[in-house]
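S.K.: I'd like to ask you about the structure that follows.
2 protein chains.
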Amino acid sequence: MSGGSEDAIGSACGRVAGRVAGPAAQTGDQDGREDHDDRDDQGEVRMPRQGSTANGRRATVVDVARLAGVSTATVSRVMNRNYPVAAATRERVEEAMRELGYVVNAHARALAGVSGRTVGIIISDVVDPFYAYIARGVEREATAGGRLCLVCSTQGDPQRELAFIELMHERRADAVILVGGSVADRGYRTELERRARELDAGGSKLVLCGRPSLGKDAPTVGVEYDNEGGAFAITDHLLTEGHERILYLGGPPGLSTTKERIAGHRRALEQRGLPRDPALVQPGAFSRQFGHRRMTELLRDGPEFTAVFAANDIVAAGAAQALEEAGMRVPQDVSLVGYDDVPVAQELRPRLTTVHIPLEEMGRQAVRVALAGGDEDDWRAPTTGTLRLGTHLVVRDSVAAPRGVRRRRG
Amino acid sequence: MSGGSEDAIGSACGRVAGRVAGPAAQTGDQDGREDHDDRDDQGEVRMPRQGSTANGRRATVVDVARLAGVSTATVSRVMNRNYPVAAATRERVEEAMRELGYVVNAHARALAGVSGRTVGIIISDVVDPFYAYIARGVEREATAGGRLCLVCSTQGDPQRELAFIELMHERRADAVILVGGSVADRGYRTELERRARELDAGGSKLVLCGRPSLGKDAPTVGVEYDNEGGAFAITDHLLTEGHERILYLGGPPGLSTTKERIAGHRRALEQRGLPRDPALVQPGAFSRQFGHRRMTELLRDGPEFTAVFAANDIVAAGAAQALEEAGMRVPQDVSLVGYDDVPVAQELRPRLTTVHIPLEEMGRQAVRVALAGGDEDDWRAPTTGTLRLGTHLVVRDSVAAPRGVRRRRG
DNA sequence: GACCTCATAGAACACGTTTACTGTCCGGAG
DNA sequence: CTCCGGACAGTAAACGTGTTCTATGAGGTC
Chain A
544 MSGGSEDAIG SACGRVAGRV AGPAAQTGDQ DGREDHDDRD DQGEVRMPRQ GSTANGRRAT
604 VVDVARLAGV STATVSRVMN RNYPVAAATR ERVEEAMREL GYVVNAHARA LAGVSGRTVG
664 IIISDVVDPF YAYIARGVER EATAGGRLCL VCSTQGDPQR ELAFIELMHE RRADAVILVG
724 GSVADRGYRT ELERRARELD AGGSKLVLCG RPSLGKDAPT VGVEYDNEGG AFAITDHLLT
784 EGHERILYLG GPPGLSTTKE RIAGHRRALE QRGLPRDPAL VQPGAFSRQF GHRRMTELLR
844 DGPEFTAVFA ANDIVAAGAA QALEEAGMRV PQDVSLVGYD DVPVAQELRP RLTTVHIPLE
904 EMGRQAVRVA LAGGDEDDWR APTTGTLRLG THLVVRDSVA APRGVRRRRG
Chain B
544 MSGGSEDAIG SACGRVAGRV AGPAAQTGDQ DGREDHDDRD DQGEVRMPRQ GSTANGRRAT
604 VVDVARLAGV STATVSRVMN RNYPVAAATR ERVEEAMREL GYVVNAHARA LAGVSGRTVG
664 IIISDVVDPF YAYIARGVER EATAGGRLCL VCSTQGDPQR ELAFIELMHE RRADAVILVG
724 GSVADRGYRT ELERRARELD AGGSKLVLCG RPSLGKDAPT VGVEYDNEGG AFAITDHLLT
784 EGHERILYLG GPPGLSTTKE RIAGHRRALE QRGLPRDPAL VQPGAFSRQF GHRRMTELLR
844 DGPEFTAVFA ANDIVAAGAA QALEEAGMRV PQDVSLVGYD DVPVAQELRP RLTTVHIPLE
904 EMGRQAVRVA LAGGDEDDWR APTTGTLRLG THLVVRDSVA APRGVRRRRG
């Protein structure tokens with residue numbers, strides 16, 4: 544992007560476009576289009592089908608060519624700079640394009656064999672910072688490669704996810720990036736695998752970002768982060784501080800992300816020989832509201848605990864509010880940690896100890912990995928493979944040694 | 544969306560696609576397809592040009608038609624359900640599509656005259672919740688209308704903005720939505736207006752969302768919020784509490800958004816007959832970092848003030864930290880307000896008093912307004928017009944009566 | 001002057017769908 | 001029996017661009 548690129552965006556081809564319209568003078572020359580040998584006897588002008596809702600038809604290569612007095616091939620070559628064109632001719636063509644306000648039709652171009660230069664990303668919610676950061680990485684990397692980014696939100700509905708993949712396939716996206724944990728449902732998995740094969744057959748890639756692989760033979764690539772390891776590390780941090788009864792709060796129960804985080808949590812417990820208490824694992828949503836409501840309930844009639852491991856920072860924010868309302872101080876009375884290291888973690892008071900995930904980098908890698916094999920014709924490169932990024936603990940102010948075992952209130 | 548729609552997404556046409564490949568059994572019945580009379584004598588297979596990077600060519604309508612023993616027209620009609628097809632024929636075609644894993648080519652479809660069903664949104668940064676909420680509204684409304692959403696981030700660079708508009712025009716987006724304040728530069732304005740005309744000439748709409756109109760004759764539509772009014776209201780709130788020296792902090796100086804907010808702020812001051820002190824207006828970035836740094840500097844050697852009006856909630860978060868580090872309590876020592884009512888406002892302690900903007904609703908309205916005229920053929924509807932949404936004050940805990948005039952520390 | 005090469009430019013087809021016309025078959029009305 | 005209309009299905013022409021193959025003239029060499 545730092546080179547003398549001709550456009551403000553990635554490597555988009557240089558194009559020009561100009562003022563709306565000069566006098567539509569048809570440029571007198573009675574061109575040599577001699578009677579299509581039929582259809583002329585119809586006598587009627589027969590208004591051409593309108594593009595969509597247009598009032599004025601858009602200029603095409605043919606119009607430009609006519610005005611510049613050249614063939615369409617020459618116009619195409621002027622645009623793409625992939626074939627020698629005399630300077631004078633080039634100038635005339637560019638002037639004509641400006642005159643007509645010509646804008647190339649990306650659909651026609653894509654149909655003619657040039658890549659559509661699009662990558663799609665499917666997430667649960669644009670507003671959720673976890674997804675937003677990944678989306679930013681994807682968008683930036685895509686733009687750097689001269690591509691546009693199609694964003695879809697599923698609101699967590701697997702059916703919509705499948706439908707969006709299909710829509711992106713229809714648009715011949717270079718890559719489709721699926722972000723976030725997935726449900727374990729077998730039927731869904733099968734459907735997903737079928738889509739992956741179809742995409743692959745067409746030369747596109749399905750990228751699984753922060754989600755377990757579909758299996759060795761499914762034609763997908765993956766970018767993961769060390770979910771289990773991060774959970775292990777942060778639990779271990781709590782254990783080191785002396786906590787023995789840790790409440791795990793939030794995260795949709797069926798989700799792979801939840802399972803992995805709980806797995807890491809349990810491994811840390813087991814390593815210290817601590818028992819696992821089912822009452823201390825309270826999955827739910829990934830929302831602030833859930834964190835607040837469930838925490839309030841558990842403070843009233845839940846098990847004893849001295850620390851809370853919230854499934855993510857948003858849940859932690861809700862839990863923090865519940866704690867505050869119950870008159871509990873963090874970390875003096877209860878320690879609290881989150882996951883994801885999203886901006887809110889720095890705004891909470893005390894600042895939240897959490898696990899950092901290289902979200903934006905994951906997004907970038909997702910498109911890089913997807914497009915790696917496609918550019919060259921080396922289909923020897925393994926069509927499947929997984930890139931794994933590290934996570935690390937971020938220690939802030941929300942953890943302290945337990946003062947004593949917490950008793951249920953009231 | 545609540546009707547018995549056939550797909551998980553908006554009103555997308557029903558399409559099918561199936562398992563990769565059964566035995567390619569050609570379905571025995573020796574149908575009456577007697578030799579296409581050409582192309583068979585070529586004898587040679589002649590590998591067609593590859594689509595992009597594919598190893599296996601994608602199935603097309605022709606393939607499906609051949610396998611089902613019908614014409615391509617019939618296949619098209621089966622897909623689009625816009626023309627009667629016998630049940631038996633339909634079944635055969637659908638089976639063929641499943642067999643071949645056929646996925647329609649959206650580019651070809653768009654080229655043939657069907658709308659591409661795409662809306663584009665251009666924002667400064669996906670991660671910024673201000674933009675993220677608007678993007679969510681756009682995305683949801685677009686999806687509800689069976690459209691896909693193209694998202695681009697400019698990082699605040701007007702050149703990239705222009706380039707993105709061009710890219711979306713090439714893709715024949717139904718609407719291009721420009722979000723957020725704009726710079727006052729005249730050359731930029733002219734460029735933008737030219738793009739608007741080109742877009743309009745092609746039947747697309749340029750929507751200005753939270754940004755001033757380009758003028759009466761520019762073919763754009765707009766969705767605004769009452770920026771000036773919100774600033775007036777919140778300043779008046781501070782004045783009512785007894786504050787007389789209010790620091791306005793942050794917001795890029797050239798930006799229309801900044802100008803409007805400052806205008807409202809000043810109007811409130813003037814209404815009470817208070818003087819405007821230039822030293823009390825400190826524009827800058829819209830970032831947390833700016834809020835923190837500048838607030839720190841001003842506490843050291845800035846003018847006296849008893850309240851801070853941060854240009855938005857993010858800046859307020861930075862300012863809050865600076866205040867905290869300087870040992871100042873909010874609101875006892877200094878009152879603090881923000882703008883936008885973004886989630887962080889609820890996480891700050893004390894919870895931030897701010898101005899609520901119906902961000903998601905703006906996004907929804909933006910696409911609604913853009914697509915309103917286009918669906919019907921009533922081009923009598925004014926091609927230009929602006930929808931204005933209200934803002935309102937949200938009172939939380941960050942404002943109190945001034946204890947006394949604040950003196951500079953040290 | 002004949003011949004070859006190089007630099008350009010044009011003609012024509014491919015890309016994959018949709019759709020306006022044109023038929024064809026069949027049942028029922030006159 | 002003929003005529004008519006409805007229900008289907010096929011033919012072929014767009015849609016706008018990229019690209020391959022071919023053509024033409026200029027300039028140089030022998």
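Quick mapping for you: the protein sequence lines, in order, are chains A and B. Using my numbering, read the first sequence as starting at 544 and increasing by one per residue. Using my numbering, read the second sequence as starting at 544 and increasing by one per residue. Beta carbons: idealized from backbone N, C-alpha and C, even for Gly. Source: prediction; values computed, not measured.
Please compile the residues from chain B whose C-beta is within a distance smaller than 9 Å of the C-beta of residue 823/A.
M.R.: Result: empty, since nearest Cβ-Cβ is about 26 Å, beyond 9 Å.
S.K.: Can you tell me whether residue 835/A is helix, strand or coil according to DSSP?
M.R.: Residue state, collapsed to three classes: helix.
S.K.: Of the residues 656/B, 821/B, 687/B and 636/B, which one's Cα is nearest the Cα of residue 603/B?
M.R.: Cα-wise, what sits closest to residue 603/B is 636/B.
S.K.: Tell me the DSSP secondary structure of residue 802/B in three-state form.
M.R.: Three-state result, residue 802/B: helix.
S.K.: What is the DSSP secondary structure of residue 764/B, counted as helix, strand or coil?
M.R.: DSSP places residue 764/B in strand when its eight states are reduced to three.
S.K.: In terms of alpha-carbon separation, which member of 770/A, 838/A and 797/A lies closest to residue 955/A?
M.R.: In the structure displayed, chain A extends from 544 to 953; residue 955/A sits before or after that span and is not available.
S.K.: Please identify the residue among 714/A, 646/A, 766/A and 819/A whose C-alpha is closest to the C-alpha of residue 934/A.
M.R.: Looking at the Cα atoms, 766/A is the closest of the given residues.
S.K.: Could you check where the alpha helix (DSSP H) with residue 618/B kicks off and where it finishes?
M.R.: That run of the alpha helix (DSSP H) goes 615 to 623.
S.K.: Less than 8 Å separating the beta-carbons of residue 792/B and residue 852/B?
M.R.: Yes, these two residues count as a Cβ contact at 8 Å.
S.K.: Using a Cβ-Cβ cut-off of 8 Å (strictly less than) and excluding sequence neighbours within five positions of residue 819/B, which residues of its own chain qualify?
M.R.: Around residue 819/B: 809, 812 and 813.
S.K.: Looking only at its chain, what residues have a beta carbon closer than 8 Å to the beta carbon of residue 739/B, apart from the 5 residues adjacent to it on each side?
M.R.: Within the same chain, residue 739/B has close Cβ partners 749, 757, 761, 762 and 763.
S.K.: Roughly how many angstroms lie between the CA atoms of residue 654/B and residue 715/B, to the nearest whole one?
M.R.: If you take the alpha carbons of residue 654/B and residue 715/B, they lie about 10 Å apart.
S.K.: Consider the Cβ of residue 741/B: report whether some Cβ of chain A lies at a distance smaller than 8 Å.
M.R.: For residue 741/B, the answer is yes, since a Cβ of chain A falls inside 8 Å of its Cβ.
S.K.: Are residue 907/A and residue 683/A close, meaning C-beta to C-beta below 8 Å?
M.R.: Cβ distance < 8 Å, so residue 907/A and residue 683/A count as in contact.
S.K.: Which residue comes first and which comes last in the beta strand (DSSP E) that contains residue 791/A?
M.R.: Its beta strand (DSSP E) spans residues 789 to 792.
S.K.: DSSP on residue 899/B, reduced to helix/strand/coil?
M.R.: Residue 899/B falls in the strand class under three-state DSSP.
S.K.: Between residue 784/B and residue 944/B, which are expected to be in contact by the criterion C-beta below 8 Å, what is the C-beta distance as a whole number of angstroms?
M.R.: So it is a contact: roughly 5 Å between Cβ atoms.
S.K.: Could you pull out every unbroken alpha helix (DSSP H) segment of at least 4 residues lying fully inside the region 639 to 678 of chain B, listed in chain order?
M.R.: The region 639 to 678 of chain B contains these whole alpha helix (DSSP H) runs: 649 to 654.
S.K.: Taking the alpha carbon of residue 744/B as the point to measure from, which residue in 732/A, 674/A and 643/A has its own alpha carbon closest?
M.R.: That would be 643/A, whose Cα lies nearest to the Cα of residue 744/B.
S.K.: For my contact list, residue 677/A and residue 752/A are in at a C-beta cut-off of 8 Å; report their separation, rounded to the angstrom.
M.R.: Sure, about 7 Å apart at Cβ, within 8 Å.
S.K.: Would you mind reading off the limits of the alpha helix (DSSP H) that contains residue 738/A?
M.R.: Per DSSP, residue 738/A belongs to the alpha helix (DSSP H) from 729 to 744.
S.K.: Between the region 617 to 636 of chain B and the region 615 to 629 of chain A, do at least 3 Cβ pairs fall closer than 8 Å?
M.R.: No: the two stretches stay apart, fewer than three of their Cβ pairs being nearer than 8 Å.
S.K.: For residue 801/A, count neighbouring Cβ atoms within 10 angstroms of its own Cβ and tell me buried if that reaches 16, exposed if not.
M.R.: Burial call: buried.
S.K.: Just how far apart, CA to CA, sit residue 685/B and residue 711/A?
M.R.: Answer to the nearest angstrom: the Cα atoms are 15 Å apart.
S.K.: Given 8 Å as the limit, is there contact between the region 823 to 830 of chain B and the region 881 to 893 of chain B, that is, 3 or more CB pairs closer than that?
M.R.: These segments do not touch.
S.K.: Identify, in the order they occur along the chain, each residue of the same chain with its Cβ nearer than 6 Å to the Cβ of residue 721/B, setting aside the five sequence neighbours on each side.
M.R.: Around residue 721/B: 665 and 751.
S.K.: With a threshold of 8 Å on Cβ separation, who are the neighbours of residue 911/B within its own chain once the five nearest residues in sequence on each side are excluded?
M.R.: Counting only Cβ-Cβ distances below 8 Å, and skipping sequence neighbours, we find 684.
S.K.: Name the two residues that bound the continuous alpha helix (DSSP H) containing residue 858/B.
M.R.: Element bounds for residue 858/B: 856 to 868.
S.K.: Nearest CA to the CA of residue 782/A: which residue from 930/A, 880/A, 615/A and 702/A?
M.R.: Of 930/A, 880/A, 615/A and 702/A, the residue nearest in Cα terms is 880/A.
S.K.: Here's the rule: buried if 16 or more other CB atoms are within 10 angstroms of the residue's CB, otherwise exposed. What is residue 728/A?
M.R.: That one is exposed.
S.K.: Which of the three DSSP states is assigned to residue 829/A in this structure?
M.R.: Looking at residue 829/A - three-state DSSP - the assignment turns out to be coil, as it is neither helix nor strand.
S.K.: Does the distance from the CB of residue 942/B to the CB of residue 897/B come in under 8 Å?
M.R.: No; because the gap between Cβ atoms is not below 8 Å, this pair is not in contact.
S.K.: Which same chain residues, not among the five before or five after residue 854/B, have their C-beta less than 6 Å away from its C-beta?
M.R.: Excluding positions up to five away in sequence, the list reads 793 and 794.
S.K.: For residue 626/B, decide whether its Cβ has a neighbour in chain A, counting only Cβ atoms nearer than 8 Å.
M.R.: Output row for residue 626/B: interface = no.
S.K.: Can you tell me which of the three DSSP states residue 937/B falls into?
M.R.: Of the three classes helix, strand and coil, the one that applies to residue 937/B here is strand, per DSSP.
S.K.: Taking residue 694/A as the reference, which of 914/B, 709/B, 699/B and 675/B has the closest Cα?
M.R.: Out of 914/B, 709/B, 699/B and 675/B, 675/B has the C-alpha closest to the C-alpha of residue 694/A.
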